[in-house]
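For the sequence shown, the positions run 133 to 534 when this note's numbering is used. Glycine is no exception: its CB is placed at the ideal position from the N, C-alpha and C atoms. This report concerns only the one structure given below.
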Amino acid sequence: MLSDKARPIVEATLPVVGEHIEQIANRFYRHMFAEHPQLQDGVFNRGNQAEGSQPKALAGSVAVFATALVKSPQQLPERLLTRIAHKHASLGIRPEQYQTVRDNLMWAIGDVLGDAVTPEVAAAWDEVYWLMAYALIHQERGLYSARGVTAERVWRQWRVASKIQETSDVTLFAMQRVDDRPVKTSLPGQYISVNVKMPDGLRQPRQFSLTRADDGEHRYFAVKRVHGGGKPDGEVSNLLCERVQVGDELTMSVPYGDVVLDDGGRPVVFVSAGIGVTPMAGMISHLVAAGSHLKVTLLHADANEAAFPLRRQIAADLARLPGSALRVWYEDGSGSELPVAGTHAGMMDLSGIDLPDKAVYYLCGPIAFMQAIRSGLLDRGVSVHDIQYEVFGPDLWQADTD
133 MLSDKARPIV EATLPVVGEH IEQIANRFYR HMFAEHPQLQ DGVFNRGNQA
183 EGSQPKALAG SVAVFATALV KSPQQLPERL LTRIAHKHAS LGIRPEQYQT
233 VRDNLMWAIG DVLGDAVTPE VAAAWDEVYW LMAYALIHQE RGLYSARGVT
283 AERVWRQWRV ASKIQETSDV TLFAMQRVDD RPVKTSLPGQ YISVNVKMPD
333 GLRQPRQFSL TRADDGEHRY FAVKRVHGGG KPDGEVSNLL CERVQVGDEL
383 TMSVPYGDVV LDDGGRPVVF VSAGIGVTPM AGMISHLVAA GSHLKVTLLH
433 ADANEAAFPL RRQIAADLAR LPGSALRVWY EDGSGSELPV AGTHAGMMDL
483 SGIDLPDKAV YYLCGPIAFM QAIRSGLLDR GVSVHDIQYE VFGPDLWQAD
533 TD
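Below, the structure written as structure tokens:
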């Protein structure tokens with residue numbers, strides 16, 4: 133909790149800081165990378181920096197946390213903090229790096245707000261930062277311990293055992309361990325980070341959902357090649373899809389991720405679009421491997437059936453889960469050769485779809501898609517606590533804070 137001295141200062145200055153927080157975040161990153169260029173090697177995603185999503189995510193997270201300290205100190209945004217902690221753990225973030233972030237963030241606040249940042253204001257916002265930082269450090273320490281690693285040992289080498297062109301834009305990778313260190317089983321829905329050395333010599337990390345249950349020797353993930361759409365091509369996704377070959381080695385983290393399937397006996401509804409189906413495929417694979425009798429419904433939207441990643445694996449796995457069903461929405465209105473409960477044309481619309489009672493929901497796909505589906509589910513009386521979502525990239529949505 134904020135101290136009695138800091139609380140009124142943060143409350144009074146929150147509007148002006150909130151108004152400028154995105155500008156502060158942009159200045160922070162530019163200054164930090166100028167002072168500590170080594171952080172651009174294997175820690176930060178420069179694609180997210182270039183498009184501005186990482187500064188927006190930082191700005192939003194700090195604003196949400198500070199607002200919670202002032203308005204509801206007994207109900208901090210735990211799910212938001214947990215999501216960040218898992219991402220940090222998958223990158224091997226160390227406690228001492230928080231001091232570097234603090235120094236550059238406080239510099240950016242002073243640089244943007246100028247004389248408004250009195251020593252008292254600076255001390256109050258320093259308190260906000262360390263409350264958030266210590267909460268994350270504590271969670272990350274527990275995450276490392278649970279995996280039996282330290283921040284420095286999150287990474288290990290894996291060999292590409294197979295590489296399959298699944299769709300025109302999606303490639304499936306099966307990775308095999310190359311050392312004798314034990315492989316702890318991932319939880320259904322988790323992801324790994326892959327740290328890829330780029331042509332300029334710098335390493336770039338990316339997260340990929342695990343698409344199948346582990347067998348102790350292998351891990352499986354899918355990569356969608358990012359290109360077109362008026363945006364720069366994805367440097368990591370294109371390198372993985374075009375240049376990495378069977379037999380090559382990649383640096384991968386142990387699995388992390390807070391959106392994990394809770395097999396509590398209630399029906400489960402997975403709702404996905406495009407490459408967002410990958411964590412759903414992983415969760416369904418885990419259920420099959422565990423011999424589960426959980427009733428599962430997968431609702432998936434895509435351009436057409438040929439673009440639907442992992443469709444054969446998913447259909448085969450659902451057939452082994454009694455009472456489960458697959459429904460698809462294809463934008464081009466084409467039909468389906470899969471054993472589906474329904475095929476629909478156009479964008480996904482759940483208004484006329486029967487949904488199981490007392491179900492829990494897992495969403496993954498473009499943010500606009502998840503926002504629309506989530507709003508529709510809330511309108512139908514589904515509790516906010518029964519809806520989880522996975523965001524690929526920085527969390528610009530933060531729906532769990534409401």
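Which same chain residues end up closer than 7 Å to residue i when comparing Cβ atoms and leaving out the 5 residues on each side of it in sequence?
i: Phe353; result: Phe305, Ile324, Phe340, Ser341, Leu342 and Thr343
i: Gly467; result: Thr475
i: Gln297; result: Thr303
i: Arg110; result: An answer regarding residue 110 cannot be provided, because it is not within the stretch 133 to 534 covered by the chain.
i: Ile216; result: Ser193 and Leu268
Residue range of the alpha helix (DSSP H) that residue i falls in?
i: Gln381; result: This sequence places Glu at residue 381; Gln is not what is there. Here Glu381 belongs to no alpha helix (DSSP H); instead the beta strand (DSSP E) covers Glu381 to Ser385.
i: Tyr266; result: Pro251 to Arg279
i: Met133; result: From DSSP, Met133 is part of no alpha helix (DSSP H); its letter is neither H nor E.
i: Asp247; result: Taken as a continuous stretch (DSSP letters only), Asp247 belongs to no alpha helix (DSSP H), as it is neither H nor E.
i: Phe559; result: No answer is possible for residue 559: it lies beyond the span of the chain, which begins at 133 and ends at 534.
Compare the beta carbon distance of residue i and residue j with 8 Å and say whether it is the shorter of the two.
i: Val202; j: Glu143; result: yes
i: Leu442; j: Val409; result: yes
i: Pro320; j: Leu426; result: no
i: Val391; j: Leu487; result: no
i: Ile241; j: Ile156; result: yes
i: Ile407; j: Asp449; result: no
i: Pro337; j: Asn177; result: yes
i: Ile225; j: Glu272; result: yes
i: Met264; j: Phe197; result: yes
i: Gly348; j: His359; result: no
i: Ile519; j: Leu482; result: no
i: Ala473; j: Leu495; result: no
i: Ala195; j: Pro209; result: no
i: Ala471; j: Ala500; result: With the sequence shown as reference, residue 471 is identified as Pro, and Ala is not the correct amino acid for it. Cβ distance not < 8 Å, so Pro471 and Ala500 don't count as in contact.
i: Asp380; j: Val292; result: yes
i: Leu372; j: Val403; result: no
i: Val378; j: Ser456; result: no
i: Val286; j: Thr145; result: no
i: Arg351; j: Trp290; result: yes
Rounded to a whole number of angstroms, what is the C-alpha to C-alpha distance between residue i and residue j?
i: Pro251; j: Ser385; result: 41 Å
i: Gln308; j: Gly508; result: 41 Å
i: His476; j: Met412; result: 20 Å
i: Leu213; j: Leu268; result: 7 Å
i: Tyr521; j: Arg162; result: 30 Å
i: Val260; j: Tyr388; result: 26 Å
i: Ser135; j: Leu237; result: 21 Å
i: Arg288; j: Ala248; result: 47 Å
i: Gly465; j: Leu510; result: 27 Å
i: Asp332; j: Gln172; result: 12 Å
i: Glu469; j: Asp258; result: 58 Å
i: Gln231; j: His270; result: 15 Å
i: Arg139; j: Asp243; result: 23 Å
Applying the criterion that 16 or more other CB atoms from any shown protein chain within 10 Å of the CB defines a buried residue, is residue i buried or exposed?
i: Pro187; result: buried
i: Ser222; result: buried
i: His220; result: buried
i: His218; result: buried
i: Met502; result: buried
i: Val310; result: exposed
i: Thr429; result: buried
i: Gly484; result: exposed
i: Ala255; result: exposed
i: Arg375; result: exposed
i: Ser424; result: buried
i: Arg159; result: buried
In the DSSP assignment, find the beta strand (DSSP E) that holds residue i and state where it starts and stops.
i: Glu91; result: Coverage of the chain is limited to positions 133 through 534, which leaves residue 91 absent and any answer about it impossible.
i: Ile324; result: Tyr323 to Lys329
i: Gly117; result: The shown model of the chain, from 133 to 534, leaves out residue 117, and the question about it has no answer.
i: Lys356; result: His350 to Lys356
i: Ile296; result: Trp287 to Gln297
i: His418; result: Premise fails: His418 lies in the alpha helix (DSSP H), Thr410 to Ala421, not in any beta strand (DSSP E).
Quick one: what's got a C-beta closer than 6 Å to residue i's C-beta in the same chain, skipping five residues either side?
i: Glu463; result: Ala435
i: Asp301; result: Lys356 and Arg357
i: Thr461; result: The residue asked about is misnamed: residue 461 is Trp in this sequence, not Thr. The answer, listed in chain order, is Ala433, His476 and Met480.
i: Asn327; result: Gly174, Arg335, Pro337 and Thr383
i: Glu437; result: Ser468
Residues in its own chain within less than 8 Å of residue i by CB, not counting five upstream and five downstream?
i: Gln445; result: Thr343, Arg344, Ala413 and Ser417
i: Ala439; result: Thr299, Ser300, Asp301 and Gly406
i: Glu284; result: Gly224 and Arg226
i: Gly280; result: Lys316
i: Gln207; result: Ala200
i: Asp346; result: Val315, Thr317 and Ser318
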